[in-house]
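Colleague:
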Amino acid sequence: MTMTCGLLGKKLAHSYSPAIHAAFGEGEQARYSYALFETENLQEFFDARSFHGINVTIPYKQEAMQFCDSLSHTAQEIGSVNTISRRPDGTLHGDNTDAAGFKKMVEKLAVSVSGKKVIVIGRGGSALAICYVLRELNCKIVVVSRENNNIDFLKKHGDSQILVNCTPVGMYPNTGVSPVSLDHFPHVEGVLDLIYNPARTRLMQDAERLNIPVVGGLPMLVGQAAAAYEIFIGRKVTNEDEVLQNLERSMQNIILIGMPGSGKTTHGKMLSKRLSRSFVDIDEEIEKSAGRLISDIFAKDGEEFFRKIETDMLAHFGKESGLVISTGGGCVTREENYFHLHQNGKIFFIERDIKELPREGRPLSQGNLHEMYKIRLPMYKRFADARLENICEYL
800 MTMTCGLLGK KLAHSYSPAI HAAFGEGEQA RYSYALFETE NLQEFFDARS FHGINVTIPY
860 KQEAMQFCDS LSHTAQEIGS VNTISRRPDG TLHGDNTDAA GFKKMVEKLA VSVSGKKVIV
920 IGRGGSALAI CYVLRELNCK IVVVSRENNN IDFLKKHGDS QILVNCTPVG MYPNTGVSPV
980 SLDHFPHVEG VLDLIYNPAR TRLMQDAERL NIPVVGGLPM LVGQAAAAYE IFIGRKVTNE
1040 DEVLQNLERS MQNIILIGMP GSGKTTHGKM LSKRLSRSFV DIDEEIEKSA GRLISDIFAK
1100 DGEEFFRKIE TDMLAHFGKE SGLVISTGGG CVTREENYFH LHQNGKIFFI ERDIKELPRE
1160 GRPLSQGNLH EMYKIRLPMY KRFADARLEN ICEYL
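For the sequence shown, my numbering gives the first residue as 800, with consecutive numbering after it.
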């Protein structure tokens, strides 16, 4: 008989958990189904006992403890549960695998966390598990909450060496904001952000600009799921790294930049078909939204007006996942666009001989293309992760 497992939460519009749990058992006969259980009535849900094992997410990690007949030592120490299994006698046993997941994040950080002063942003159920792990690592922990999140408090702890974000600030769909400025922490050696969508939050990108090692929340998501799988099934997960890598690839956008007429749309359509991904042409989306051609927008309202619309469109599609995106040739002229494209994407620069670039219907291509290329080339290189011929390394 197939077991019934799943994720319990208040709002579960989208979750990667079913795909992750299915991937752990790929190639085998299904050992359990994994569903999403949305509810606002925990009492009713637990009274029904319609599951063999569940994971628990925001906002129920602490509240769900009261329905457990027993708790693991880890769950007791942390003070919250995120994994509950139903035993043969019908009793419920609560555990917490967030700690195991966070350890996977710590392992991936390029600097040691042990013994460091760590500033933890947030006081929720996840923060409880994070502080539990940090105590095991003999860290000096400072917690920032709504009550003490002020300049004076942050400056007082400006000597913190590791920063961990346990809040949803910057999470999809409300990307582009950070829970704290790194300017307050000049001695930070590493940043850990529990958010996994987008792959690179504003906080993470701020750290990247300062050459501070960063790790996002995806290793924790997969790591805690692997530990839960082992509780449900009673055996080790053997393909955790492979599942993580595949999930990273499937979530990231493939973004094409380059001079007008360099073939971004042609290559984008080819890639989207090959990879079975949706294709987005930013210029086409702008024309669709504005109800007029880009040449008309330039002629009537000028380039600056167009760039503003373009940035808004990049912000809209850049935070989505799993797309192939063809950009306009001048998107690199606005530095803010790098955040929108980089947050969930790998950026590829397509080069083409200037003499072969078409000019018709391209307002800015009517002038000196060689001069335009000379100005934009450093920008393309600044934005790009690789050139198109290297794209296979990222797929």
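From the three backbone atoms N, C-alpha and C, an ideal C-beta is built for every residue, glycine too.
At which residue ranges does the stretch 983 to 1058 contain complete alpha helix (DSSP H) runs of 4 or more residues, listed in the order of the chain?
Modeller: 1001 to 1008, 1017 to 1032 and 1039 to 1050
Colleague: Report the three-state DSSP secondary structure of PHE866 (helix, strand or coil).
Modeller: Within the sequence shown, numbered from 1, the residue matching residue 866 stands at position 67. Looking at PHE866 - three-state DSSP - the assignment turns out to be helix.
Colleague: If distances are taken between C-alpha atoms only, which option among TYR833, ALA812, GLY808 and LYS809 comes closest to ILE819?
Modeller: Stepping through the sequence shown from its first residue, residue 819 is reached at position 20. With distances taken between Cα atoms, ILE819 lies closest to TYR833.
Colleague: Assuming the contact rule is C-beta atoms closer than 8 angstroms, LEU1055 and SER1125 should be a hit. Round their C-beta distance to whole Å, please.
Modeller: As a working mapping, residue 1055 is identified with position 256 in the sequence shown. As a working mapping, residue 1125 is identified with position 326 in the sequence shown. Yes, they are in contact, since the Cβ atoms of LEU1055 and SER1125 sit about 5 angstroms apart, within 8 angstroms.
Colleague: Closest to SER1120 by CA distance: which of THR974, VAL1131, PHE1097 and SER1061 is it?
Modeller: Position 321 of the sequence shown, counted from the start, is the residue given in the question as residue 1120. Checked all of THR974, VAL1131, PHE1097 and SER1061; the closest Cα to SER1120 is THR974.
Colleague: Rounded to the nearest angstrom, how far is the Cβ of ALA998 from that of GLY1015, given a contact under 8 angstroms?
Modeller: Position 199 of the sequence shown, counting from 1, holds the residue named residue 998. Position 216 of the sequence shown, counting from 1, holds the residue named residue 1015. Sure, about 6 angstroms apart at Cβ, within 8 angstroms.
Colleague: From this set, ARG1181, GLY1101, SER884 and ARG1034, which residue's C-alpha is nearest PHE823's C-alpha?
Modeller: Translated into the one-based positions of the sequence shown, residue 823 becomes position 24. PHE823 has its Cα closest to that of ARG1034, out of ARG1181, GLY1101, SER884 and ARG1034.
Colleague: Flag this pair as touching only if the stretch 1004 to 1021 and the stretch 848 to 863 have three or more C-beta atom pairs under 8 angstroms; answer yes or no.
Modeller: No, the stretch 1004 to 1021 is not in contact with the stretch 848 to 863.
Colleague: So what does DSSP say about ILE961, is it helix, strand or coil?
Modeller: Here residue 961 corresponds to residue number 162 of the sequence shown, with the count starting at 1. In the structure shown, ILE961 sits in a strand (DSSP, three-state: E or B).
Colleague: Taking C-beta to C-beta, are ILE918 and THR966 nearer than 8 angstroms?
Modeller: The sequence position of residue 918 within the sequence shown is 119, counting from 1. The sequence position of residue 966 within the sequence shown is 167, counting from 1. Contact: no.
Colleague: May I have a chain-ordered list of the alpha helix (DSSP H) segments no shorter than 4 residues that lie completely inside the stretch 1078 to 1123?
Modeller: 1081 to 1089, 1093 to 1100 and 1102 to 1117
Colleague: According to DSSP, is GLU839 helix, strand or coil?
Modeller: Residue mapping note: residue 839 aligns to position 40 of the sequence shown, counting from 1. Reduced to three states, the DSSP call for GLU839 is coil.
Colleague: Less than 7 angstroms between C-beta atoms, sequence neighbours within five positions excluded: which residues of the same chain meet that for ILE1146?
Modeller: To locate residue 1146, count along the sequence shown from 1; it is residue 347. Cβ neighbours of ILE1146 beyond the five flanking positions: ILE1054, ILE1056, LEU1140, PHE1182, ALA1183 and ASP1184.
Colleague: I'd like to check one pair, LYS809 with GLU843: are the Cβ atoms closer than 8 angstroms?
Modeller: Numbered from 1 along the sequence shown, position 44 holds the residue referred to as residue 843. Numbered from 1 along the sequence shown, position 10 holds the residue referred to as residue 809. Not in contact: GLU843 and LYS809 (Cβ atoms no closer than 8 angstroms).
Colleague: Apart from the five residues on each side of it in sequence, which residues of its chain come closer than 6 angstroms, Cβ to Cβ, to LEU953?
Modeller: On the sequence shown, residue 953 is found 154 positions in, with the first residue counted as 1. If we look at LEU953 and ignore the five residues flanking it on each side, its Cβ neighbours are HIS983.
Colleague: Taking the Cβ atom as the reference point for each residue, do ILE1093 and ASP1082 lie within a distance shorter than 8 angstroms?
Modeller: If you number the sequence shown from 1, residue 1093 lands on position 294. If you number the sequence shown from 1, residue 1082 lands on position 283. Contact: yes.
Colleague: Are the beta-carbon atoms belonging to GLY969 and SER980 less than 8 angstroms from one another?
Modeller: The residue given as residue 969 occupies position 170 in the sequence shown. The residue given as residue 980 occupies position 181 in the sequence shown. Judged by beta-carbon spacing, SER980 lies beyond the 8 angstroms limit of GLY969, meaning their Cβ atoms are not closer than that value.
Colleague: Note down the Cα distance separating LYS1180 from GLU1150, rounded to an integer number of angstroms.
Modeller: One-based indexing of the sequence shown puts residue 1180 at position 381. One-based indexing of the sequence shown puts residue 1150 at position 351. Cα to Cα, the separation comes out at about 11 angstroms.
Colleague: Where THR890 and LEU806 are concerned, what is the direct C-alpha to C-alpha distance, given to the nearest angstrom?
Modeller: Here residue 890 refers to the residue found at position 91 when the sequence shown is read from its first residue. Here residue 806 refers to the residue found at position 7 when the sequence shown is read from its first residue. Cα to Cα, the separation comes out at about 19 angstroms.
Colleague: Looking at the secondary structure, which residues open and close the beta strand (DSSP E) in which CYS804 lies?
Modeller: For the purposes of this step, residue 804 is identified with residue 5 of the sequence shown, where counting begins at 1. Looking at the DSSP string, the run of the beta strand (DSSP E) that includes CYS804 is 802 to 808.
Colleague: Return the chain-ordered list of same chain residues with a C-beta closer than 6 angstroms to the C-beta of SER1077, the five sequence neighbours on each side being excluded.
Modeller: Here residue 1077 is taken as the residue at index 278 of the sequence shown, counted from 1. These residues qualify, in order along the chain: LEU1122.
Colleague: Examine the Cβ distances between the stretch 1059 to 1070 and the stretch 1125 to 1137 and report whether three or more of them are shorter than 8 angstroms.
Modeller: yes
Colleague: For ASN1136, name the three-state secondary structure that DSSP assigns.
Modeller: Translated into positions along the sequence shown, residue 1136 becomes position 337. The answer is helix: DSSP assigns ASN1136 an H, G or I state.
Colleague: Looking only at C-alpha atoms, which of LEU835, GLY1101 and ASN895 sits nearest to SER816?
Modeller: Here residue 816 refers to the residue found at position 17 when the sequence shown is read from its first residue. Out of LEU835, GLY1101 and ASN895, LEU835 has the C-alpha closest to the C-alpha of SER816.
Colleague: Using a Cβ distance threshold of 8 angstroms, determine whether the stretch 889 to 904 contacts the stretch 866 to 880, with at least three qualifying pairs required.
Modeller: yes
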